[in-house]
Amino acid sequence: MFAGFDFDVIQRALPYLGQGMLFSLGLTALAMIGGIVLGTVLALMRLSANPLLNIPAGGYVNLLRSTPLILVIFWFYFLVPLAVKQLTGDSYAQGIGPFYSALIAFTLFEAAYYCEIIRAGIQSVPAGQVNAAYALGLNYWQATGTVVLPQAFRNMVPILLTQGIILFQDTSLVYVVGLTDFMGAASKVAQRDGRLVEMYLFAAVIYFILCFLASLFVKRLQARITPPR
Amino acid sequence: MDFSFLSQPAFSGGGTYLDWVFVGIKWTVLVSLCAWVIAFTVGSVLGVLRTTPLRWANGLASAYVELFRNIPLLVHMFIWYFVMPEIVPSALGTWMKQGMPMPEFWSAVFALGFYTASRVAEQVRSGIQSIPKGQTNAALATGLTLPQTYRHVLLPMGYRIVIPPLTSEFLTIFKNSSVALTIGVLELTAQARTISEYTFRTFEIFTLATVVYVLITLLVTVAMQVVEKRLRVPGYIGTGK
């Protein structure tokens with residue numbers, strides 16, 4: 014089965030693949046940070062009693078969660094340059110490459126998923142904590158920022174990281190707008206050298222090793238930080 | 013917003029652009045349902061194996077789950093479509109490349125099916141494991157064999173418990189079916205993109221595609237609520253009885 018398997022192709026392509034991997038990791042990290050920040054805001058909105066806040070947030074989350082990621086990527090690939098044109102008046106939308114479109118698409122898409130995780134995390138904080146905070150005279154922002162969110166995030170770290178692993182796998186989909194992430198690099202080399210078998214199997218192995226190690230790490234972390242009951 | 017382009021004759025293939033949309037919906041639904049058949053059967057078997065006391069079966073199923081869920085779906089698609097015909101025995105490979113009907117479609121179905129199977133397996137496993145251990149012990153003590161215990165005690169309960177998570181996996185399979193466009197299946201997202209390239213009505217056609225996906229989600233959610241209500245187990249939290 015591995016007769017005629019050309020490992021040399023992989024070796025020669027390593028620097029290029031490495032750049033692609035840096036791109037994937039960078040996109041994952043930025044989208045994860047943006048997604049968690051925006052997701053926290055959305056979660057607080059969804060949990061608010063004010064219908065002006067919770068209805069739009071709920072609608073946003075449900076809409077994004079029922080739309081495929083690829084379609085969302087296409088949406089922002091189309092919308093972001095239009096928005097930039099509107100904002101800056103520059104009809105060529107210079108400086109806004111497909112990278113920013115992809116980053117915005119991933120951030121907004123992941124925010125919907127992070128919102129649900131964070132909402133569950135906040136709801137898992139005992140109500141007595143909030144009542145005690147208010148009883149001490151803290152206002153909403155103080156109670157949320159210093160009492161609720163720190164406890165919620167502590168419990169959520171493993172799930173947030175697991176979602177990060179899923180996000181890392183999802184970044185391979187920037188392939189559809191021609192960006193050179195790890196998968197994009199692998200597929201470009203595969204097409205150029207006519208070595209589809211080697212490159213795609215290699216990509217699978219690398220993704221597997223990274224995601225498997227990351228999920229082992231998350232499992233250990235979870236075992237360590239789960240408070241004793 | 014001007015949707016009149018939908019009734020215009022399409023660039024190729026006779027028909028209108030609206031027909032292209034329906035072709036897209038047809039492939040999205042076909043890929044998803046066929047993949048679900050694989051995902052559900054393979055996933056169920058693997059999930060059950062992970063709960064059995066058989067160590068080798070347990071290890072095998074765990075290995076499958078870890079292998080499949082740590083590789084992105086896009087890579088699965090490429091491996092089934094580009095790599096499979098090269099690494100199977102050459103007669104079969106030649107047939108896959110030249111004789112097999114609809115190679116993109118079946119590659120997408122297998123990729124999506126076996127990928128989702130790993131997720132279904134996890135849900136089925138956690139469903140069965142959430143049944144109190146006493147039930148298994150009681151079943152074995154009354155003289156049922158292990159297969160009978162699964163058939164009459166664990167599976168009827170386990171499947172009802174996992175209906176909600178399986179529903180969300182079923183919804184995910186519709187969304188993930190869009191990845192099939194990377195190997196050339198003309199499903200809904202692919203059709204939307206093609207139509208936008210031919211008509212420049214990007215905003216309208218993407219809106220239409222999004223609405224269709226939302227409708228599919230709503231339809232499945234409502235249908236599964238009915239199923240859930242019919243099959244609910246009395247006496248559990250959330251069943252209200």
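Protein chains in written order, with our numbering: chain A, 14 to 242; chain B, 13 to 253. Every residue, glycine too, gets a C-beta built ideally from N, C-alpha and C.
Is residue i helix, strand or coil when you go by DSSP?
i, result
"A/THR80", "coil"
"B/LEU156", "coil"
"A/MET58", "helix"
"B/LEU65", "Sequence inspection shows Pro at residue 65 of chain B; the Leu mentioned does not correspond to that position. Coil at B/PRO65, not helix or strand."
"B/LYS253", "For B/LYS253, the pLDDT reaches just 42, beneath the cut-off of 50, and the residue's location in the model is therefore unreliable, although a value from the coordinates is still provided. If DSSP states are grouped into helix, strand and coil, B/LYS253 belongs with coil."
"B/PRO113", "coil"
"B/VAL132", "helix"
"B/GLY139", "helix"
"A/ASN75", "helix"
"B/ASN298", "The structure shown does not extend to residue 298 of chain B, since chain B is modelled only from 13 to 253, so the question has no answer here."
"A/ILE46", "helix"
"A/ASN67", "helix"
"A/GLY52", "helix"
"A/THR193", "coil"
"B/ASN149", "helix"
"A/PHE151", "It is worth fixing the name first, because residue 151 of chain A is Leu in this sequence and not Phe. Of the three classes helix, strand and coil, the one that applies to A/LEU151 here is coil, per DSSP."
"B/MET96", "helix"
"B/VAL165", "helix"
"B/PRO246", "coil"
"B/PRO255", "Within the shown structure, residues of chain B are numbered from 13 to 253, placing residue 255 of chain B beyond reach of any answer."
"A/GLY31", "helix"
"A/GLY102", "coil"
"A/PRO94", "helix"
"A/GLN24", "helix"
What span of residues does the alpha helix (DSSP H) with residue i cover, start to end?
i, result
"B/GLU199", "It is not in any alpha helix (DSSP H) - B/GLU199 carries neither H nor E in the DSSP assignment."
"A/ASP183", "162-183"
"B/ALA192", "Careful: B/ALA192 lies outside any alpha helix (DSSP H) and carries neither H nor E."
"B/PHE90", "85-90"
"B/SER102", "102-106"
"B/LEU243", "214-243"
"A/PHE18", "Here A/PHE18 belongs to no alpha helix (DSSP H), and DSSP marks it neither H nor E."
"A/ASN144", "140-148"
"A/THR120", "111-136"
Would you grab the beta carbon distance between residue i and residue j for me? Rounded to a whole angstrom, and I think it's under 8 Å.
i, j, result
"B/ALA133", "B/GLY196", "Actually they do not touch by this definition, with Cβ atoms about 29 Å apart."
"A/THR41", "A/PHE181", "4 Å"
"B/GLY139", "B/GLY170", "4 Å"
"A/GLY87", "B/ARG205", "Inspection of the sequence shows that residue 87 of chain A is occupied by Phe rather than by Gly. At roughly 6 Å, the Cβ-Cβ gap stays under 8 Å, so A/PHE87 and B/ARG205 are in contact."
"B/ARG81", "B/SER130", "5 Å"
"A/VAL244", "B/ILE99", "Past the boundaries of the shown model lies residue 244 of chain A; chain A is included only from 14 to 242, so the question cannot be answered."
"B/SER190", "A/ILE83", "4 Å"
"B/ASP31", "B/ALA22", "7 Å"
"A/TYR127", "A/ILE49", "5 Å"
"A/ILE172", "A/THR53", "That pair is no contact at about 14 Å."
"B/VAL35", "B/LEU198", "6 Å"
Please name the residue or residues paired with residue i in a DSSP beta bridge.
i, result
"B/PRO21", "B/THR28"
Residue i versus chain D: which residues are under 9 Å apart at the beta carbon?
i, result
"B/GLU98", "Chain labels in this structure do not include chain D; the protein chains are A and B."
Check: Mind pulling the alpha helix (DSSP H) runs of 4 or more residues that sit fully within the region 195-240 of chain A?
Finding: 195-206, 209-238
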